[in-house]
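Colleague: Sharing a structure, written as structure tokens. Questions coming.
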Amino acid sequence: MMIKGIRIEGLKKRYGSGDTAVDALKGVDMQVEPGEVVGLIGPSGSGKTTLLKCLGAVIDPTAGRMTLGDEVIYDDGWKVRDLRALRRDKIGFVFQAPYLIPFLDVTDNVALLPMLAGVSNNDARKRALELLTALDVQHRARAMPSQLSGGEQQRVAIARGLVNRPPVILADEPTAPLDSQRALTVIRILNEMAKKYETAIIVVTHDEKIIPTFKRIYHIRDGVTHEEAGEGRGFD
Amino acid sequence: MISLAGRDILHSWGKFVFTGVGLGLLIGVTLVMAGVYRGMVDDGKALLDNSGADLWVVQKDTLGPYAESSSLSDDLYRGILAMPGVARAANVTYLTMQVKKGERDVRAMVVGIVPGESWGAPGWPPYLVAGRRITRGHYEAVADIATGFKLGDVLTIRRNRYTVVGLTRRMVSSNGDPMVFVPLKDAQEAQFLKDNDAIWQSRRRTEANPAFNRPGVPGLLDTVNASQASSSSVNAVLVRITPGAVPDEVAQSIRRWKRLTVYTRTQMEAILIGKLIATSAKQIGMFLVILAMVSAAIVAFIIYTLTMDKIREIAVLKLIGTRNRTIAAMILQQALALGVIGFAVGKITATYAAPLFPKYVLLVPQDSIAGFFAVVAICALASVIAIRMALKVDPAEAIGG
């Protein structure tokens, strides 16, 4: 059964202890449905990155509950033994900078994840080419990352995030280095991919250009999220 | 699964090749150093082999004639020849000195041999590559080709001039100095005879000594002076034993009846390698250790730097679920690849550079094999620091914030 969507309830994160303790997250509640792209916005120091790291299973929350589809992955403690496998198989990442592996060509950058999961090289590359075609960069399949434009690199990064068909993708400022047109293109692609692969996508952003494109937005301030309806402009 | 290390090397091959060449030159120096030691041992063995002797009879209680000075009377060989088990015995002198040819001089070991002996007498060069052997009693020389002398060249040794009549090869002292063979009488004169001024001073002192210049004993002073002006010493008697004789038994017999020190081939080899070359061997050993440490430090630094350059990629790899062992294997494989490139360059460098060294450099396959495994081990160890650093990289660094 495919796990779909992510639900976060009362998620807390405290750094340090005693007098120097800082509560970065004070009880975050979020829910993102399969096929949905939501924005997570907030000023610097509001807890966006901490929330992303908790969701990405790279730091331990202090308390709360996280559910991926039907599976509770965190409930005041990790319920999954292998967080590395969780990240590899069930969470996709798209970063502010594409961070492609410079010594692998485009196809292998995307195919690396399924290969790490034990998929044969041929099948992994076939899967990668499928996605590259869907993202319209198949003509750059044999190119090295340094030969790609910024927009092409970001598409390849999106393909890498999607290649293992994760139920959730965490996108950290994915349009920051791009101009308006390319930024909107990336958001359009994320929306298309979310629908096509029934993936829940959380986009952390400061980017004023793309905020109007979200149908739902989570504002985070002082470690607490507030949900509000977005304009959802342009991606029906 | 694709090879991440291989892809990285292919992607930045220039960096790897240039680093490997640098490391290779260092490895080349290490191999040459080992070759210098092997060459010294081989020179020592060649010296013993080419002397054609089974036993070395030397001055009592000395390690002569190669490791210590030794002086024997030149008529002792006759008595030795009469000993059971002795086939041939020949006087020989050794003197390391500068041999002049015109304005140029060459460091060489001058060996005094008995001319006119039948071919293959102990002390004689076993073969010639050009010319003929020494047939006259004076002023002829046979030189090793490493001296650079040619047939017909005229050499100056002390006050006398010698014509090169033959050339031989691989006749060297334990220090690697090429040999120049001259007639025994000339060699004795070169080694033991004083210069004219010293002879004149000596005669004056003898004349002033009432013990040697007695009015009632005419001829005593002339006899004493004559004995001071001539030399009847040699450094060793080289002995070849009869087929079937046991070297230790013949040596023991000479020791007992002639009261001299005698060394067998095994004992002489132990003196040359265990005592004469020992200090140089330790010196070279120290250099090898230092070079190995420098190589390890360089490989560690290079691998560390290469890994530091990939910190963000490693963080991304860890974030997307790459296992630690995959990342460690990538770094280890790169270190080993660097070692293999370095070893190949080093081996080629050593092979082509060895003949250019003034002394004999002997590269043996065992050293190359040992060197290869040492390089692999050093590279593997050197990668540990980089691997530890890579494994400490927090995958959260990929997210930033």
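Keeping their order, the protein sequence lines are chains S and P.
Under the numbering used here, the residue at position 218 of the first sequence is numbered 218, and the numbers go up by one with no gaps.
Under the numbering used here, the residue at position 232 of the second sequence is numbered 1232, and the numbers go up by one with no gaps.
Beta carbons: idealized from backbone N, C-alpha and C, even for Gly.
By the 9 Å beta-carbon criterion, what residues does the segment 1384-1396 of chain P contribute toward chain S?
Modeller: Under the 9 Å Cβ criterion, the segment 1384-1396 of chain P contributes 1394, 1395, 1396.
Colleague: Are the CB atoms of residue 169 of chain S and residue 210 of chain S nearer to each other than 9 Å?
Modeller: Not in contact: residue 169 of chain S and residue 210 of chain S (Cβ atoms no closer than 9 Å).
Colleague: Hey, how far is the Cα of residue 138 of chain S from the Cα of residue 129 of chain S?
Modeller: Distance between the alpha carbons of residue 138 of chain S and residue 129 of chain S is about 6 Å.
Colleague: In terms of residues, what are the limits of the alpha helix (DSSP H) holding residue 1324 of chain P?
Modeller: Segment 1324-1353, the alpha helix (DSSP H) holding residue 1324 of chain P.
Colleague: Taking CB distances under 9 Å as the criterion, tell me whether residue 112 of chain S reaches chain P.
Modeller: Taking Cβ atoms only, chain P reaches closer than 9 Å to residue 112 of chain S, which makes this a yes.
Colleague: To the nearest angstrom, report how far apart residue 1345 of chain P and residue 1325 of chain P are at their CA atoms.
Modeller: Going by the C-alpha atoms only, they are around 30 Å apart.
Colleague: Does chain P have any CB closer than 9 Å to the CB of residue 102 of chain S?
Modeller: Yes, contact with chain P.
Colleague: Is residue 1177 of chain P closer than 9 Å to residue 1278 of chain P when the C-beta atoms are compared?
Modeller: Taking 9 Å as the Cβ cut-off, residue 1278 of chain P and residue 1177 of chain P do not qualify as a contacting pair.
Colleague: Taking residue 1234 of chain P as the reference, give the member of P/1341, P/1077, P/1170 with the closest Cα.
Modeller: Per the Cα distances, P/1077.
Colleague: Under 9 Å Cβ-Cβ, which residues of chain S neighbour residue 1313 of chain P?
Modeller: The contacting residues are 99, 100, 101, 102, 103.
Colleague: Sorted by chain position, which residues of the same chain lie with C-beta nearer than 7 Å to residue 1350 of chain P's C-beta, five sequence neighbours on each side aside?
Modeller: If we look at residue 1350 of chain P and ignore the five residues flanking it on each side, its Cβ neighbours are 1028, 1031, 1032, 1035, 1363.
Colleague: Looking at the structure shown, is residue 101 of chain S part of a helix, part of a strand, or coil, going by DSSP?
Modeller: Coil at residue 101 of chain S, not helix or strand.
Colleague: Does the CB of residue 1027 of chain P have a neighbour CB from chain S at under 9 Å?
Modeller: No, its Cβ sits nowhere closer than 9 Å to a Cβ of chain S.
Colleague: Can you tell which of S/231, S/73, S/224 has the C-alpha that lies nearest to the C-alpha of residue 48 of chain S?
Modeller: Among S/231, S/73, S/224, the Cα nearest to that of residue 48 of chain S is on S/224.
Colleague: Less than 9 Å between the C-beta atoms of residue 1334 of chain P and residue 1295 of chain P, yes or no?
Modeller: Not a contact, by the Cβ cut-off of 9 Å.
Colleague: Can you have a look at residue 173 of chain S and say buried or exposed, based on whether 16 or more other CB atoms are within 10 angstroms of its CB?
Modeller: Buried, since its Cβ has 16 or more Cβ neighbours within 10 Å.
Colleague: In chain order, what residues of the same chain lie with their CB nearer than 6 Å to the CB of residue 1004 of chain P, ignoring the 5 residues before and after it?
Modeller: Once the five neighbours on either side are set aside, the close Cβ partners of residue 1004 of chain P are 1330.
Colleague: Assess contact between the segment 87-97 of chain S and the segment 154-163 of chain S, defined as three or more Cβ pairs (one per stretch) separated by less than 8 Å. Is contact present?
Modeller: Enough Cβ pairs lie closer than 8 Å, so yes.
Colleague: Residue 1239 of chain P: which of P/1012, P/1014, P/1052 sits nearest, CA to CA?
Modeller: It is P/1052 whose Cα lies nearest to the Cα of residue 1239 of chain P.
Colleague: Considering only C-alpha positions, which residue in the set P/1338, P/1126, P/1113 is nearest to residue 1304 of chain P?
Modeller: Of P/1338, P/1126, P/1113, the residue nearest in Cα terms is P/1338.
Colleague: Pull out every residue of the segment 49-75 of chain S whose Cβ sits closer than 8 Å to any Cβ of chain P, in chain order.
Modeller: For the segment 49-75 of chain S, which is checked against every Cβ of chain P, the residues closer than 8 Å are 49, 50, 52, 53, 56, 58, 59.
Colleague: Are there 16 or more other CB atoms within 10 angstroms of the CB of residue 20 of chain S, so buried, or fewer, so exposed?
Modeller: Exposed, because fewer than 16 other Cβ atoms sit within 10 Å of the Cβ of residue 20 of chain S.
Colleague: For a test of the three-state rule: what should DSSP assign to residue 1188 of chain P, helix, strand or coil?
Modeller: DSSP places residue 1188 of chain P in helix when its eight states are reduced to three.
Colleague: Since residue 1272 of chain P and residue 1044 of chain P are thought to touch, with beta carbons under 8 Å apart, how far apart are those beta carbons, to the nearest angstrom?
Modeller: With 8 Å as the limit, residue 1272 of chain P and residue 1044 of chain P qualify as a contact, their Cβ atoms being about 4 Å apart.
Colleague: Report the rounded CA-to-CA distance for residue 1089 of chain P versus residue 1254 of chain P, giving the unit in angstroms.
Modeller: Cα-Cα distance, rounded: 12 Å.
Colleague: Tell me which residues of the segment 1177-1188 of chain P have at least one Cβ-Cβ distance to chain S shorter than 7 Å, keeping chain order.
Modeller: Flagged: no residues at all.
Colleague: My understanding is that residue 154 of chain S touches residue 102 of chain S, with C-beta atoms under 8 Å, so please give their C-beta distance in whole angstroms.
Modeller: Not really, about 15 Å apart at Cβ, beyond 8 Å.
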